[in-house]
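Peer 1: In this note's numbering, the protein residues as written are 5 to 45.
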Amino acid sequence: MERLWAPWRIKYIKMEKPKGCIFCEKVKEERDEENLILYRG
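(1) Go ahead and pull the three-state DSSP assignment for Tyr16.
(2) Compare the beta carbon distance of Lys30 and Ile17 with 8 Å and say whether it is the shorter of the two.
(3) Looking at the secondary structure, which residues open and close the alpha helix (DSSP H) in which Ile26 lies?
(4) Pick helix, strand or coil for Pro22, following the three-state DSSP scheme.
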């Protein structure tokens, strides 16, 4: 398997990662359309 060199991604790889669950965080926001949330049950 060859390595894929993607220098434009290094900023993302090195940035501090958010703590917790992405789904829990998006549900707390009130921006459903922007977050692509179709239904709240």
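For glycine and all other residues, C-beta sits at the position ideal for the given N, C-alpha and C. In this text, all values refer to a predicted model and were calculated from it rather than measured experimentally.
Peer 2: On the basis of the supplied data:
(1) helix
(2) no
(3) 26–32
(4) coil
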